[in-house]
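Those sequence lines, one after another, are chains A and B.
Residue 1 is where the first sequence starts when you use this note's numbering, and the numbers rise one by one after that.
Residue 1001 is where the second sequence starts when you use this note's numbering, and the numbers rise one by one after that.
We put the beta carbon where it would ideally sit given N, CA and C, even for glycine.
The model shown is predicted, which means the values in this text are computed figures rather than measured ones.
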Amino acid sequence: MKKNYYITIFLLLTNILFSQDQDLLKVDSYRMVEPSGFSFDFHLEEESKTKKSEYTMRVYVKDNSSNYAICKYLKPDKMKGRVILVDRKNFWYLDRGMKTPIRINSRQMLFGQASAGDITRIIFSDYYSLTSTTNEGEQLRLELKSIPKKGAVYSSIVLYVESGTYKPVFAECYAKSGKLLKNIEYTGFGIYKGNEVLTEMIISDADGRSVSRVSLLNFSSDKLDDRYFNKSQISRIP
Amino acid sequence: MLFKRILLIISIFFLSMSIFCELSSNVDLTVGGGYSFYRDIDSPINPGNILEIEEWDLKFPLRNITNLYWDNIFSLTLNHEMYLGIIEDFHFVQYTNYQLFKLNELYISSSFGTSFFNIVLGKLAPEFGVGYIRKSQSYFKRLTDDYSKWMVNTQLIKDSFFLEFYYAPFRDFIPDDYTKKESLEKCNDIIGFSSNSYLGDFYWQIVGFYDEDFFTGLSFSSEIIVGLLLYSDITFTNKHWIDRIIGDGLDLKLEKLEKPYMDIMFGINYTPSFLNWSFYFETRYNQDGLTTSEMSDFSDKLLKIDNLNNLYPGFGLPFYGSLADRLPFNSLSLLSFALHSESFDYIKGFLKIKNTTFFSIPAGFMNQLTLEIPLFDNIKINGSWSHITDLGEYKYFLYRDSLKFSIKYNIYK
């Protein structure tokens, strides 16, 4: 009797966890364009009280794990030629004139309001676990908690998605202290190879001092060879 | 001779193919550097002005044009699993920054499964000594002349793991007539290896080579919390560099020691979440560093040199640490500390600031402030001011105060 009880509990928990993972995977499907790797332009327009600037980089994602990514700066010209390798939670930086890459910490690659993680860690399910789901009418409220030692940028995220489609609508990103750091509004979606993918989002400071508009453009199945996703090889990227 | 012709044909082939293939060309050209003046006529390298340097040297010496990088990578994908390519000016011996060699590299890469295997044939040319003479030679001349030698390098790459072995025939690197003329000793051929990967979140790298003597280096780094990176380099070798005056310049030579010595560097890199600034603190202990009397001897030697172009003996030889590009230590000192801060984004979109403070024993303090202003996106103006606070009695620095301007124009396709 007791054995059956444990089995029932186990199956119930497994079912809940599995379904929660499935929920997150449905959300990720709007960001993971091709499991075998792909590339896109990450274009950002940043606006604050004191300045307005634009950046563009080409992001190459190695595979569906999103553990490996290479970002090549395209604009502005003063940053053109910089390369960032994301090797799981580690960042390597190579600039013009440098012969070997140096390691940087994950806060050193700022791209306007977008952090390195915002750009390259595009899969929620790799870095966060779903702790609760609440139905709020037309939307679902998903509470995500960072998976320890995965290198997640935020400690927790409250993500609002459309009921049924799981299309992301809005996210609140929190620090470990519970302080709200950023708001992300998912504003644009497009069709790539028959699938609906995220193409626009607005990232804003919690205090509203600066707003960054991000466009994800020129999705392509073009990818860099796997060998380039290694610290020893990024200086050879053509 | 046959090798030379084959390489020449291959080079021409790749150059012509590059029109159709992916081409990356990167030029960083400093068109005006080394504009400097001396505040003190009794400048450290020139006490009593025996070199007759004018107190306010307002010349704009073109000879000090520096930092010309021309990195070309031509690659041709034969099919999805085979690549051919040629790289010019690849920095070969990564761990010993002061042992720079130019490598014109021809590589063949093949994949099996998720791994890649490279076989590299390269032509090496020395950077020091005879290398200076050869800098003005053309690309093809450098590829085919007698100074350069073939080397073989094999590499295995799988995800984050990298392993390479290489053989470099340094023994005949410098021709006999040159070694006799300049009293240089020949190097030995080198068999070396390098490997790097991660142990969990802990990055490690191990390098080494053997040429009758040995050199081993270990490098570690880990981002223990978000924004805080710890890193360290440890090296053991039974050779050390000694200086010698050759003609009107200074050359360096490796000398064997009876006992190996250790060189250890430890660094912290921190970026607060509320600032677009990074801070570095590094310290280094060099067991083979110069003592007070040795430092004085070295200083005396330098005073005998009347041509010091591009020679900054105090801080000129960058340490081979993981952040060597940022913090060139005083490699001659026993113990060094460096504190460095820089804005890693342009402040207000137009100004980048770096400040570095060194303290070396038995050298003294130096502070360097650099401002960088980009113009028209691909033109940068750099201005830096170096100030040495306290030299003590060791007069081996070129400047006490220096002010430098440079303009960088960059073309990048």
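Whether residue i touches residue j by CB criterion (8 Å)
i	j	result
Leu1257(B)	Asn1238(B)	yes
Asp23(A)	Leu130(A)	yes
Ile202(A)	Arg209(A)	no
Tyr1203(B)	Phe1220(B)	yes
Ser204(A)	Asn183(A)	yes
Gly1227(B)	Asn105(A)	yes
Pro1383(B)	Leu1375(B)	Looking at the sequence shown, residue 1383(B) is not Pro but Gly. Contact flag unset, no.
Met1262(B)	Ile1234(B)	yes
Leu286(A)	Ile84(A)	Nothing can be reported for residue 286(A), as the shown portion of chain A is limited to 1 through 238.
Pro238(A)	Tyr30(A)	no
Thr1271(B)	Phe1337(B)	no
Pro101(A)	Ser235(A)	yes
Val33(A)	Val197(A)	yes
Ser1334(B)	Asn1355(B)	The sequence as given places Leu at residue 1334(B); Ser does not occur at that position. No, they are not a contact pair.
Tyr239(A)	Asp87(A)	Residue 239(A) is absent from the structure shown; chain A starts at 1 and stops at 238.
Ile1373(B)	Leu1351(B)	yes
Met1265(B)	Ser1232(B)	yes
Where residue i sits in the DSSP three-state scheme
i	result
Lys1256(B)	strand
Glu1212(B)	coil
Val153(A)	coil
Met32(A)	coil
Lys78(A)	helix
Arg236(A)	helix
Arg227(A)	helix
Thr280(A)	No statement about residue 280(A) is possible, as the shown extent of chain A runs from 1 to 238 and does not include it.
Val214(A)	strand
Asp41(A)	strand
Thr1292(B)	helix
Lys26(A)	helix
Gln1099(B)	A caution first: Gln1099(B) carries a pLDDT of 33, below 50, which makes its placement in the model unreliable, though a value can still be read off. Coil, per DSSP.
Ser1195(B)	strand
Phe124(A)	helix
Gln1287(B)	coil
Glu138(A)	coil
Gly1217(B)	strand
Arg88(A)	coil
Leu1228(B)	strand
Ser163(A)	coil
Ser220(A)	strand
Pro1272(B)	coil
Leu1339(B)	strand
Phe1350(B)	coil
Arg58(A)	strand
Ile104(A)	strand
Pro148(A)	coil
Asn1367(B)	strand
Gly1200(B)	coil
Asn1153(B)	strand
Asn67(A)	coil
Ser1333(B)	coil
Cβ separation of residue i and residue j, assumed to be a contact under 8 Å, to the nearest whole Å
i	j	result
Asn1286(B)	Ser1278(B)	Contact flag wrong, Cβ pair sits at about 25 Å.
Lys62(A)	Asp226(A)	6 Å
Ser1273(B)	Arg107(A)	6 Å
Ile1157(B)	Asn230(A)	5 Å
Distance cut-off 7 Å: residue i Cβ against heavy atoms of the ligand ZN
i	result
Cys71(A)	No copy of the ligand ZN occurs in the structure displayed, which carries no ligand at all.
Legend entry - Inter-stretch contact at 8 Å, needing at least 3 Cβ pairs: the segment 1159-1167 of chain B / the segment 1189-1204 of chain B: By the Cβ test, the segment 1159-1167 of chain B is in contact with the segment 1189-1204 of chain B, since at least three Cβ pairs between them sit closer than 8 Å.
Inset, instruction - Say whether the segment 1198-1213 of chain B touches the segment 155-162 of chain A, bearing in mind that this needs 3 or more beta-carbon pairs closer than 8 Å, one atom from each stretch. - result: Contact fails: fewer than three Cβ-Cβ distances are below 8 Å.
Legend entry - Touching by the beta-carbon criterion (3+ pairs, under 8 Å), the segment 123-130 of chain A and the segment 175-187 of chain A: Touching, no, given that fewer than three Cβ pairs across the two stretches are closer than 8 Å.
Inset, instruction - Flag this pair as touching only if the segment 205-225 of chain A and the segment 31-44 of chain A have three or more C-beta atom pairs under 8 Å; answer yes or no. - result: The segment 205-225 of chain A, when compared against the segment 31-44 of chain A, does touch it at the 8 Å Cβ threshold.
Inset, instruction - Go through the segment 167-211 of chain A residue by residue and report every complete run of the beta strand (DSSP E) that reaches 3 residues or more, in order. - result: You should have 168-174, 180-192, 195-205.
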